[in-house]
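All remarks here apply to the structure that follows.
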Amino acid sequence: MAADKLIIFDTTLRDGEQSPGASMTREEKIRIAKQLERLGVDVIEAGFAAASQGDFDSIRSIAGLIKDSTVCSLSRANDKDIARAAEALAPAQRKRIHTFLATSPLHMEKKLRMSPDQVYEQARLAVRFARQFTDDVEFSSEDGSRSEPDFLCRVLEAVIAEGATTINVPDTVGYGVPEQYGAMIRSLRERIPNSDKAIWSVHCHNDLGLATANSLAGVMIGGARQVECTINGLGERAGNTALEEIVMAIRTRKDYYNLALNIDTTQIVPASKLVSQITGFAVQPNKAVVGANAFAHASGIHQDGVLKARDTYEIMRAEDVGWAANKIVLGKLSGRNAFKQRLEELNITLESEADVNAAFLRFKELADRKSEIFDEDIIALVSDEEHAHGNEFYRFVSLSQHSETGEKPTARVTFSMDGAEVSCDGEGNGPVDAIVNAIESKAASQAELLLFSVNAITTGTQSQGEVTMRLSKGGRIVNGVGADLDIVVASAKAYLSALNKLQSKNEKLNPQI
Ligand code: KIV
Ligand code: ZN
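Under the working numbering, the residues of the sequence shown are numbered 1037 to 1549, in order.
Below is the structure:
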């Protein structure tokens, strides 16, 4: 029997971005969207157009650039949001409006303060209105897994009759368990007379660590043919279903699932690294498929087995998901052409030749200090260059720092603030504390530092350190990322990058409200 197609709907740029601190700039979103297109995802949910001007602009840019995937915007179930989504999606070759309304008794009564009849009516009208802009309309019954089946049948039948082409039943709070969630989708499909007019979709959160299992149960037991997921499982609280887990489960166990996918799996690890680097959300080493240890065999028995026959302990091949051994790609003697070619091979497009020149200059500086340059170094360098380019309010210039056993560390940091260069001194309990105190003596942000983490970008003591700083101020949480051979410099860059995000006026509404 020919395999059914499973639609991969990626919501890294929308639900993923709702993780505290994961907000991305338009340029960052465009880079991720292009990588998602290369990965072959069927639908890219590029954002929530009515949430902010920044989100609107990002969706519109992505809609104009992406050719091979459908571009989607989330919208609440009201005319204003839907019209805004349609406007943002206007340049797209293929567009989808995704409208949602909560259907659980708890959400209707406590959050929406609406009666079931009002919710029923609003859902119908929203889908009817969305259909004026596109034939591709998705309806999500928020908190679907905790909704009453009879009411859900009534609402979903009505929205399909109004023209919804995809029906998504989210497990919004990660409450579902696999057999029950799968059976619920199955029963809805069986009971709703026009259910065959729509594609059924699952959207699971990982609060109980069951998001992937629930999604797969929705597919196998329930007959869903779309899975909503994010790269690295990024998302609010414990995150969303991880795209890489769904894709590799379906592919590795084709014998069981018998489903076809459009995905180029060799693009999974590059996508994972890009998302982690941009958002500052590090991937845990033992994360399935994309964790640094996912293909490392430590025990002697396993190593011996793998050397004799790989499939003794390996169910997937590292190269099939895009893991290449750390490759030394360039060095001090590499010229501009070699650098430019490597950028192309990494699918990095810089806007102009002047940008390539600036990035090449940075590459040369790095190559002077580090003999072996890896792909990861180039990716970090390009991000840094983009930030420097983006007319940011704060920009790192230089620092000197002194630490000695028994002495309080001191630092002098020079950075530009709204175009003017300032230098400031600070001391602290450690070198990073000293640079933060120095910067704060001028920036006076009074933000609270929630997280400080350092990761080596590649292997060896010559590796660049990538620092993430998470700051909170006035209810906003942002992540800043900085990379350098000197982790104190990386920390200063990360702190300034977080301050830039706090400074940006790109406020968002929370779509779940
Ligand atoms: O989790 C959820 O319910 C959602 C919807 C808006 C689809 O993200
Ligand atoms: Zn969600």
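For each residue, glycine too, the CB sits at the ideal point set by N, CA and C. Remember, it's a predicted structure, so these values are computed and weren't measured experimentally.
Asn1268: CB within 7 Å of a non-hydrogen atom of the ligand ZN: As a working note, residue 1268 is residue 232 in the sequence shown. The answer is no for Asn1268.
Range of the contiguous beta strand (DSSP E) that encloses Thr1552: Not covered by the structure: residue 1552. The range shown for the chain is 1037 to 1549.
Sequence ranges, beta strand (DSSP E) only - wholly within the segment 1102-1186, length at least 3: Fully contained in the segment 1102-1186 are the following beta strand (DSSP E) runs of length 3 or more, in chain order: 1106-1112, 1131-1138 and 1173-1178.
Secondary structure of Phe1429, DSSP reduced to three states: Here residue 1429 corresponds to residue number 393 of the sequence shown, with the count starting at 1. Of the three classes helix, strand and coil, the one that applies to Phe1429 here is coil, per DSSP.
Any non-hydrogen atom of the ligand ZN within 7 Å of Asp1564 CB: Absent from the structure is residue 1564, since the part of the chain shown begins at 1037 and ends at 1549.
Simplified DSSP state of Ile1068, which is helix, strand or coil: Start at 1 with the first residue of the sequence shown, and residue 1068 comes out as number 32. In the structure shown, Ile1068 falls within a helical segment according to DSSP collapsed to helix, strand and coil.
Met1220 (DSSP reduced to helix, strand or coil): Counted from its first residue, the sequence shown places residue 1220 at position 184. In the three-state scheme derived from DSSP, where H, G and I count as helix and E and B as strand, Met1220 is classed as helix.
Proximity test, Ile1051 beta-carbon vs the ligand ZN heavy atom, cut-off 7 Å: Reading the sequence shown from its first residue, position 15 is the one you call residue 1051. Per the sequence shown, the amino acid found at residue 1051 is Asp instead of Ile. Remark: the shortest separation between the CB of Asp1051 and any heavy atom of the ligand ZN falls under 7 Å.
Bridge partner(s) assigned by DSSP for Met1256: Residue 1256 sits at position 220 when you count from the first residue of the sequence shown. According to DSSP, Met1256 shares a beta bridge with no other residue.
Anticipated Cβ contact below 8 Å, Ile1044 with Val1263, distance rounded: Numbered from its first residue, the sequence shown carries residue 1044 at position 8. Numbered from its first residue, the sequence shown carries residue 1263 at position 227. That pair is a contact at about 6 Å.
Extent of the continuous beta strand (DSSP E) run through Thr1202: In the sequence shown, the residue the question calls residue 1202 occupies position 166. It spans Thr1202 to Asp1207 - the beta strand (DSSP E) in which Thr1202 sits, taken as one unbroken run.
Contacting residues, own chain, Cβ-Cβ under 8 Å from Leu1535 (five flanking each side not counted): Counting from 1 along the sequence shown, the entry for residue 1535 is found at position 499. Hits under 8 Å: Phe1429, Tyr1430, Ile1475, Ala1479, Ser1481, Ala1483, Leu1507 and Gly1516.
Delimiting residues of the alpha helix (DSSP H) encompassing Gln1539: Position 503 of the sequence shown, counting from 1, holds the residue named residue 1539. If you look at Gln1539, you'll find it in the alpha helix (DSSP H) that goes Ile1523 to Gln1539.
DSSP bridge partner residues for Cys1460 (one or two, in chain order): For this step, residue 1460 is matched to residue 424 along the sequence shown. Bridge partners of Cys1460: Val1449.
At least 3 beta-carbon pairs within less than 8 Å: the segment 1118-1128 vs the segment 1287-1305: Too few Cβ pairs lie closer than 8 Å, so no.
Short Cβ contact (8 Å threshold) for Thr1288 with Ser1251: Counted from its first residue, the sequence shown places residue 1288 at position 252. Counted from its first residue, the sequence shown places residue 1251 at position 215. Not in contact: Thr1288 and Ser1251 (Cβ atoms no closer than 8 Å).
Collapsed DSSP secondary structure at Glu1387 in the structure displayed: As a first step, residue 1387 is located in the sequence shown; it is residue number 351 there, counting from the start. When secondary structure is reduced to three states using DSSP, Glu1387 falls in the coil class, being assigned neither helix nor strand.
Three-state secondary structure assigned by DSSP to Ala1087: In the sequence shown, counting from the first residue as 1, residue 1087 sits at position 51. In the structure shown, Ala1087 sits in a helix (DSSP, three-state: H, G or I).
Check: Pro1206 C-beta below 7 Å from any heavy atom of the ligand ZN: Locating residue 1206 in the sequence shown gives position 170, counting from the first residue. Yes - the ligand ZN has a heavy atom lying nearer than 7 Å to the Cβ of Pro1206.
Leu1402 - DSSP class collapsed to helix/strand/coil: For the purposes of this step, residue 1402 is identified with residue 366 of the sequence shown, where counting begins at 1. Residue state, collapsed to three classes: helix.
Those residues which DSSP pairs with Ile1044 across a bridge: As a working note, residue 1044 is residue 8 in the sequence shown. According to DSSP, residue pairing for Ile1044 in a beta bridge involves Val1263.
Within 8 Å, strictly: CB atoms of Arg997 and Ile1235: Shown here, the chain extends from 1037 to 1549; a query on residue 997 therefore has no answer.
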